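For the record, in the sequence shown the residue sitting at position 70 is 179 according to my numbering, with numbers rising by one throughout.
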Amino acid sequence: MSFEVSATETTTDRSGKPAPLANGYAIDAVLRACDVLEAFRSEGEILHLSEIIERTGLTKARAFRLIKTLQSRGLIRRNCPRGYSLGIRPLNRRGYRLGYAAQSTEFAFSREVTNSIQRVSRREGVELVVLDNQYNSKMALRNADILIRERVDLVMEFQTDGRVAPAIASKFGALNIPLIAIEIPHPGAIYYGANNYEAGLIGGRYLGLWAKQTWRGAVDRVLLLELSKAGPLPRARITGMLDGIREVLPAFHDSQVSVLNGNGQFETSLDAVRRFLRMNRRQRTLVGAVNDPSAIGALRAFEEAGRMEDCAVMGQNASAEGRAELRRSHSRLVGSVAYFPERYGDELIPLACDILNHRNVSRATFVGHRLITPRNVDHFYPNDVLVPTGADGL
């Protein structure tokens with residue numbers, strides 16, 4: 110008995126286009142069995158059938174048959190309830206070379222994102238090329254060119270200027286280099302980061318409740334500090350915050366709302382709110398900021414003016430600096446919405462590997478958010494005393 114395998118048999122390259130196999134003798138069932146084994150990212154990981162299906166793109170019936178076959182030879186173990194783990198050490202994957210352009214080493218938030226990505230890439234044996242965008246759009250464009258010259262397989266981009274996002278995305282798109290955009294959308298990229306409107310809504314509702322309990326709802330003004338260059342998605346934090354306040358205080362009028370551009374930075378926000386206070390009489394003011402540096406900058410301006418009792422401030426990110434301020438006695442930073450940047454790498458590196466392995470991934474992955482207040486900050490971050498604080502960013 111003889112058989113033939115077509116010389117035109119193909120698989121797909123990283124752009125998703127058909128590409129010829131190295132030879133015409135590849136057996137599809139073996140390739141799919143390897144997909145099942147490679148779905149496990151560590152030796153002790155336990156996956157349910159549904160998770161294996163999601164990571165491999167196989168049908169339920171085919172995935173089940175392959176799992177049972179591999180289980181019969183001890184390559185996969187059954188774990189209760191209804192989970193599976195590897196019976197062997199993880200297969201050696203191709204050594205991916207990932208590029209990561211960080212927002213800035215100046216900011217604690219981006220440093221925590223960077224640290225988590227580096228930690229997970231070392232654990233998973235993934236080569237990582239790290240560059241610093243320095244919170245500068247020209248540097249971000251130059252770094253894109255460097256990553257292309259470094260011949261990376263995929264890029265994770267963290268830069269906050271929405272105006273240069275199309276140019277950066279175009280550089281990678283022209284060469285079919287997959288792009289994950291962190292926090293700021295880039296055309297054609299997979300998005301990973303905040304659910305900005307939801308995060309704003311969480312903060313705004315709490316500000317409204319705080320005003321109801323402390324001032325009996327008697328609020329004269331809402332002051333919002335945005336980061337205009339980041340574009341419409343981060344601005345949704347501000348929209349969400351205002352909507353959250355209005356849910357609790359529905360009588361609030363548009364004429365009572367002021368919006369300033371704090372640029373997401375402490376000094377810029379401090380100066381903007383100083384000018385605002387010089388031009389406005391004493392009023393009970395709820396302050397919603399795009400991030401913690403802006404929130405703390407606004408807070409310091411109220412304190413300098415001797416008007417701390419006139420404000421209640423809500424931050425975003427629950428950064429190290431924000432958490433330190435929440436612990437400060439009698440501070441009027443009443444809360445900050447957490448994004449948990451120290452966990453980003455645990456999802457970003459597997460997401461990058463899934464993209465490069467041609468697995469189905471969502472176009473957007475949103476991080477979970479929690480409200481952090483003086484009452485629960487030690488519960489969520491009990492080890493802060495061990496970590497020095499510094500500046501923060503988006």
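C-beta: ideal position from N, C-alpha, C; glycine also. Please read these numbers as outputs of a predicted model, since none were measured by experiment.
DSSP places R330 in the strand class (E or B) of the three-state scheme. For H295, the number of other beta carbons within 10 angstroms of its own is at least 16, and it is reported as buried.
Annotation: the continuous alpha helix (DSSP H) that includes R220 extends over A217 to E233.
Burial of V261 is indicated by the presence of at least 16 other C-beta atoms within 10 angstroms of its C-beta. DSSP, read as helix, strand or coil, puts G166 in coil.
At a cut-off of 4 residues, the continuous stretches assigned as alpha helix (DSSP H) that sit fully inside the stretch 314-395 are 341-357 and 375-388.
Contact between the stretch 393-413 and the stretch 342-358 is present: 3 or more CB-CB pairs across the two stretches fall below 8 Å. Of all alpha-carbon atoms in G312, F218 and R206, the one lying nearest the alpha-carbon of V239 is that of R206.
In terms of Cβ geometry, S445 and A427 form a close pair [threshold 8 Å]. Assignment of Y244 by DSSP, reduced to helix, strand and coil, places it in the coil class.
Going by DSSP, G282 is part of the alpha helix (DSSP H) stretching over A274 to G282.
In the assembly as shown, E418 is an exposed residue. Its beta-carbon has fewer than 16 other beta-carbons within 10 Å. One alpha carbon belongs to A276, the other to D455, and they sit about 28 Å apart. The alpha-carbon of I481 is positioned some 46 Å away from that of G183.
Straight across, the Cα-Cα distance linking V366 with G302 is about 28 Å. The C-beta distance from A407 to L288 rounds to 34 Å, too long to fall under 8 Å, and the pair is not in contact.
Exposed is the label assigned to V494, since fewer than 16 other Cβ atoms lie within 10 Å of its Cβ. Burial state of D254 is exposed, judged by a 10 Å Cβ sphere holding fewer than 16 other Cβ atoms. Its Cα nearest to that of L442, the residue A404 stands out among A473, A404 and I458.
P491 sits exposed, since fewer than 16 C-beta atoms from the chains shown fall within 10 Å of its C-beta.
Counting every other CB atom within 10 Å of its CB across the protein chains shown gives G204 a total below 16, marking it as exposed. It is roughly 29 Å from the alpha-carbon of Y453 to the alpha-carbon of R186. Taking a contact to require three or more Cβ pairs closer than 8 Å, the stretch 259-274 and the stretch 234-251 qualify as touching. In the three-state reduction of the DSSP assignment, R479 falls in the strand class, which pools E and B. Taking 8 Å as the upper bound for CB-CB distance, V476 and F449 are in contact here, some 6 Å apart. Between V486 and R409, the C-beta gap is not smaller than 8 Å, which leaves the two residues out of contact. If the five residues before and after L284 are omitted, its C-beta is found closer than 6 Å to no C-beta atom of its own chain. With contacts defined by Cβ atoms closer than 8 Å, G313 and L256 do not form a contacting pair. Apart from sequence neighbours up to five positions away, the residues of its chain that approach G166 with a beta-carbon distance below 7 Å are R468 and N469, ordered along the chain. Between L395 and A308, the C-beta gap is not smaller than 8 Å, which leaves the two residues out of contact.
Taking a C-beta distance under 8 Å as the contact criterion, L179 and A142 qualify as a contact pair. Straight-line spacing of the CA atoms in Y300 and V229 works out to 19 Å. Within the same chain, and ignoring the five residues on either side of I354 in sequence, the residues whose Cβ sits closer than 7 Å to its Cβ are G313, L316, G317, V331, F361 and L395.
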